[in-house]
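Only one structure is covered here, and it is reproduced in the block below.
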Amino acid sequence: MSVHALRKSASSSCSNILVVFVGIGLPIEASAPAYQSHGTEGSHLTNITNTKKAFPVLAVNYEHVRKPFEIALWILLALLMKLGFHLIPRLSAVVPESCLLIVVGLLVGGLIKVIGEEPPVLDSQLFFLCLLPPIILDAGYFLPIRPFTENVGTILVFAVIGTLWNAFFMGGLLYALCQIESVGLSGVDLLACLLFGSIVSAVDPVAVLAVFEEIHINELVHILVFGESLLNDAVTVVLYNLFEEFSKVGTVTVLDVFLGVVCFFVVSLGGVLVGAIYGFLAAFTSRFTSHTRVIEPLFVFLYSYMAYLSSEMFHLSGIMALIACGVVMRPYVEANISHKSYTTIKYFLKMWSSVSETLIFIFLGVSTVAGPHAWNWTFVITTVILCLVSRVLGVIGLTFIINKFRIVKLTKKDQFIVAYGGLRGAIAFSLGYLLSNSHQMRNLFLTAIITVIFFTVFVQGMTIRPLVELLAVKKKKESKPSINEEIHTEFLDHLLTGVEGVCGHYGHYHWKEKLNRFNKTYVKRWLIAGENFKEPELIAFYRKMELKQAIMMVESGQLPSVLPSTISMQNIQPRAIPRVSKKREEEIRRILRANLQNNKQKMRSRSYSRHTLFDADEEDNVSEVRLRKTKMEMERRMSHYLTVPANRESPRPGVRRVSFPTVHFEQPSPPSTPDAVSLEEEEEEEVPKRPSLKADIEGPRGNASDNHQGELDYQRLARCLSDPGPNKDKEDDDPFMSC
Amino acid sequence: MGALQSLSDEPEYRELAEKTGFSFEQIGILHKRFKQLSHNEDMLRRADLDTIPDLACNPIRTQIIEAFFDKRNFHQNGDGTVEEISFEEFLVVMSHFRPPALNMTEEQREKVRREKLRFLFNMHDTDNDGTITLEEYRHVVEELLSRSGALGKETAKGIADAAMLEVASISMGHMEPDEFYEGITFEHFLKILKDIEIETKMNIRFLNMDTTTLCK
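Protein chains in written order, with full-length UniProt numbering: chain A, 1 to 739; chain B, 1 to 216.
Written as structure tokens, this is what we have:
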């Protein structure tokens with residue numbers, strides 16, 4: 001199965017990847033433009049008179065567009081395949097997409113070979129510089145921080161020690177295997193085996209993402225496997241470079257090992273540092289983009305890509321840089337950028353990572369057909385078996401140790417999924433491909449790597465879903481964001497920090513709290529534009545939820561079912577509402593109508609799933625609907641107020657001067673019950689922009705702050721309507737009753 | 001250094017260990033901490049807990065301290081508050097934060113979950129009438145946001161009201177306009193928080209090694 005000789009010429013040049021495919025089908029001759037000389041030397045003038053042809057109305061010049069044309073065609077093909085799968089209903093439920101794409105790649109590769117051309121191979125440079133970064137950035141930017149930080153110790157142990165164990169176990173045993181005479185591989189030395197072991201031992205993020213996306217497993221296991229696949233890059237880089245260097249030299253000294261360990265720390269921490277620096281730069285830049293919203297997403301992408309490239313330049317871990325950059329920049333950037341930019345970033349990241357993933361798998365298939373291959377039954381089968389065995393042993397052994405330090409232990413089911421979910425993918429292939437040709441075992445290694453990848457992706461990828469069902473492993477809870485849960489999550493954080501304080505030891509929560517405080521006091525101040533940095537998380541979440549509801553309303557045309565319209569504030573507080581005089585009512589309505597025209601929203605929603613995105617585009621629709629909704633509510637409330645008799649003393653209407661620019665805000669005393677809370681809710685999101693409400697009130701505002709003023713006024717109005725009356729202990733000539 | 005002290009109190013510790021589930025070392029360390037906080041007296045008072053510097057910037061410190069003196073958390077079916085607590089009661093309150101053991105059955109887990117949620121419920125239900133009223137919930141959210149200054153109070157109310165609405169919708173489904181939702185009962189509370197998996201979240205690490213001398 002070796003097309004060795006044929007391929008050698010093509011494989012050397014990096015830019016020949018997409019050379020052949022289209023070139024076969026189109027019998028083209030690059031036709032020359034008319035003024036080109038036809039062979040005769042001499043001045044141009046004579047040439048023109050010599051060979052005059054008819055002016056070419058239609059000419060084909062394929063060479064001109066060859067490269068981009070072929071690239072675009074490949075991508076289009078890949079996406080059409082992807083489209084095709086999802087149209088076949090039962091297929092996508094049984095077989096994970098990655099398998100299907102590899103099969104397509106195999107078919108395409110076979111087709112190309114049959115035609116007689118050489119199929120392109122997944123070029124390592126293309127892979128590492130173009131195809132991998134979008135996937136990793138997407139993963140890093142949307143990394144769920146809370147579960148990640150809670151389990152970071154476990155993840156690191158699996159990533160570092162697990163990968164080391166895998167590499168050495170496999171390398172060592174394969175070397176032992178090669179020593180056996182009957183295998184016929186006695187030429188393989190230990191270092192080569194260890195190199196091979198280090199390439200094939202790392203869990204691949206692309207494959208893991210592709211498969212785990214579809215099985216919706218519980219958060220803990222997902223983040224363990226996924227986090228491991230991301231963080232083991234540093235180990236892989238170091239081991240690979242180490243063994244690559246050594247196998248050229250042939251010997252290893254203790255000093256080399258020591259340097260290797262130091263190198264590991266440099267690579268991983270350096271990568272994280274580079275990523276963090278670029279992340280802070282991006283966050284800082286986003287602070288000033290309020291006037292140029294259109295290019296905001298570009299900053300995010302470019303800074304991240306620069307982080308990746310910079311760290312690759314220094315042979316640091318590019319993946320860790322990219323993750324660090326995404327994680328660091330996200331909270332600040334999201335506080336600064338506009339809603340549309342956020343949506344753009346999200347869509348672009350998902351789109352690019354989707355395309356990349358598709359292309360990677362197809363190319364894997366094509367490269368398999370392309371070869372070169374050197375098949376050795378024993379070696380390959382042993383590799384596959386050893387992969388599985390070492391993974392299982394590694395996970396079990398490490399979990400045993402880790403469980404001693406974890407509060408919430410990992411159960412057997414968790415361990416099984418973590419072990420079974422350790423898929424290998426394109427990174428291993430690319431690393432193998434990068435091996436220089438001086439390794440005599442290169443082809444054997446490549447074949448074995450491809451076999452392992454196929455085995456893990458096909459067998460493990462396809463069977464993991466039924467196994468998850470069979471073992472009844474906990475799945476991810478598809479729950480709507482609940483404000484109660486959010487309140488209690490935050491409450492718990494503070495509670496646990498407090499109890500740790502009482503207990504007297506500085507635990508997890510203590511340090512988290514310290515970091516939060518540091519973040520709030522120093523970092524946010526510099527990186528977040530305007531006054532937003534003071535906004536607590538709970539409020540942000542609340543606004544998110546609200547907007548989500550409004551948007552759901554836009555889409556479905558009715559109130560969402562979480563808050564059925566049968567239950568409203570009345571059910572919770574059936575206190576009587578005071579009467580409002582007719583004149584007041586008219587004034588209020590008029591002002592409301594004017595102010596409600598100026599709604600503006602920002603929407604944030606959480607999503608880190610590959611295939612589903614929350615649709616949040618209709619900003620204008622949303623504001624219109626909210627307008628209508630709030631208007632409806634207002635009307636309803638108005639009529640309710642006016643018809644329900646107050647069983648309290650009616651308030652002194654004279655006190656209620658609705659003079660908006662000079663309104664004061666005061667904390668209501670507990671018995672007062674603002675009833676129009678649902679109205680307040682709508683405008684809540686604008687409130688945080690003005691942390692000190694008093695300051696806004698002086699004087700009428702125009703232009704840009706009209707929106708805000710509008711919201712605030714509206715809010716005050718809402719309170720004005722709902723409050724039962726001035727406090728008994730307040731003076732009559734209070735300019736505005738307490739709200 | 002500190003671990004061997006427990007041997008002298010062993011029978012007492014054994015009883016406590018059985019009651020609360022802590023190990024001997026953990027009890028020893030907590031006892032040491034208790035003595036440190038109470039200045040070597042037998043009973044702990046609110047003022048002693050107030051002096052912990054780590055609690056100073058915690059927005060819900062009053063509730064946390066109250067929880068220690070709340071008889072409902074002592075598992076003795078009492079209610080009301082006390083002025084001072086003994087070590088046993090301190091330990092019982094702490095035991096609410098123990099992680100569930102690895103090999104628990106589903107029922108045991110459910111029991112642990114109920115216990116922890118009951119603790120939270122007691123923290124919110126300050127007047128001990130078995131329901132969390134809107135006012136109490138508002139107070140909770142206000143305390144949580146209390147560090148945001150004046151801004152927090154209005155939004156706190158909005159948030160608390162929305163949260164209450166959510167509970168009402170989930171628990172009651174449909175209500176007539178003139179019906180009144182009294183407050184969150186414990187069953188409703190369980191229902192709305194059942195997705196949090198509180199038994200994995202509401203835990204702190206109790207060390208077997210003595211580090212109390214490192215902290216104030």
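Idealized CB from N, CA, C, for every residue including glycine.
State the beta-bridge partners of residue i as determined by DSSP.
i	result
D70 (chain B)	B:T81
I323 (chain A)	Paired residues: none, contrary to the question.
T185 (chain B)	B:T131
I217 (chain A)	A:K475
R45 (chain B)	B:E84
Locate the alpha helix (DSSP H) running through residue i, then write down its first and last residues.
i	result
Y62 (chain A)	Y62 to L87
H31 (chain B)	F24 to L37
K194 (chain B)	Note, K194 (chain B): premise wrong, no alpha helix (DSSP H); not H, not E.
A59 (chain A)	Looking at the DSSP string, A59 (chain A) is not in any alpha helix (DSSP H), and its letter there is neither H nor E.
L190 (chain A)	L190 to V200
K409 (chain A)	Here K409 (chain A) belongs to no alpha helix (DSSP H), and DSSP marks it neither H nor E.
A283 (chain A)	V254 to S286
K476 (chain A)	Element bounds for K476 (chain A): n/a, residue is neither H nor E.
W526 (chain A)	K524 to L527
M313 (chain A)	E296 to M313
D493 (chain A)	I483 to C503
G153 (chain A)	V152 to L156
S98 (chain A)	E97 to I115
H508 (chain A)	H508 to F518
N166 (chain A)	T163 to Q179
R442 (chain A)	R442 to F454
L122 (chain A)	Premise fails: L122 (chain A) is in no alpha helix (DSSP H) and is neither H nor E.
A428 (chain A)	A426 to L434
W377 (chain A)	W377 to I402
Out of the options, state which residue places its alpha-carbon closest to the alpha-carbon of residue i.
i	options	result
Q475 (chain A)	A:N218, A:D123 and A:F128	This sequence places Lys at residue 475 (chain A); Gln is not what is there. Ranking the options by Cα distance to K475 (chain A), first place goes to A:N218.
residue 225 (chain B)	B:K19, B:F186, B:H174 and B:H39	With chain B running from 1 to 216 in the structure shown, residue 225 (chain B) is simply not present.
H337 (chain A)	A:V65, A:K350, A:I360 and A:I295	Before going further, note that residue 337 (chain A) is Ile rather than His in the sequence given. Checking every option, the nearest Cα to that of I337 (chain A) belongs to A:I295.
S92 (chain A)	A:I215, A:G187 and A:G140	A:I215
K82 (chain A)	A:L359, A:R287, A:G422 and A:L190	A:L359
H96 (chain B)	A:M553, A:Y522, A:V499 and A:Y509	A:V499
D138 (chain A)	A:L239, A:G326, A:V418 and A:N516	A:G326
F491 (chain A)	B:V141, B:E41, B:M172 and B:A160	B:V141
I60 (chain B)	B:D195, B:E143, B:H174 and B:I170	B:E143
H291 (chain A)	A:F518, A:Y542, A:A529 and A:N166	A:A529
T489 (chain A)	B:R205, B:L193 and B:E110	B:L193
H494 (chain A)	B:D48, B:I29 and B:L55	B:L55
G421 (chain A)	A:D204, A:I102 and A:G270	A:D204
V408 (chain A)	B:L102, B:F180 and B:R109	B:L102
S430 (chain A)	A:I115, A:K477, A:L100 and A:L132	A:L132
G279 (chain A)	A:V523, A:A374, A:F148 and A:F458	A:V523
G183 (chain B)	B:E135, B:I198 and B:G158	B:E135
G394 (chain A)	A:L73, A:L87 and A:W165	A:W165
V262 (chain A)	A:V249, A:K248, A:S182 and A:L239	A:L239
A67 (chain B)	B:V112, B:G28, B:L30 and B:D127	B:D127
Could you tell me how far apart the beta carbons of residue i and residue j are, in whole angstroms, since I believe they sit closer than 8 Å?
i	j	result
F74 (chain B)	V92 (chain B)	5 Å
I319 (chain A)	L224 (chain A)	Rounded, the Cβ-Cβ distance is 17 Å, inconsistent with contact.
Against residue i, what residues of chain D qualify as contacts under a CB-to-CB distance less than 7 Å, listed in chain order?
i	result
T200 (chain B)	Among the protein chains in the structure shown, which are A and B, there is no chain D.
Are the stretch 276-283 of chain A and the stretch 323-333 of chain A touching, with three or more C-beta to C-beta distances below 8 Å?
-> yes
Evaluate contact between the stretch 119-130 of chain A and the stretch 341-352 of chain A, counting only Cβ atoms and requiring at least three cross-stretch pairs below 8 Å.
-> no
Contact the stretch 188-198 of chain A vs the stretch 173-180 of chain A: 3+ CB pairs below 8 Å | yes
Validate contact between the stretch 302-313 of chain A and the stretch 253-266 of chain A using beta carbons, cut 8 Å, 3 pairs = no
Is it a yes or a no for the stretch 381-395 of chain A touching the stretch 452-461 of chain A, going by three-plus beta-carbon pairs under 8 Å?
-> yes
Does the stretch 80-89 of chain B come close enough to the stretch 65-72 of chain B that 3 or more CB-CB pairs lie under 8 Å?
-> yes
Count the CB pairs spanning the stretch 228-245 of chain A and the stretch 260-275 of chain A that are closer than 8 Å, and state whether there are at least three.
-> yes
For the 8 Å Cβ check, are there 3 or more pairs between the stretch 364-378 of chain A and the stretch 114-123 of chain A?
-> yes
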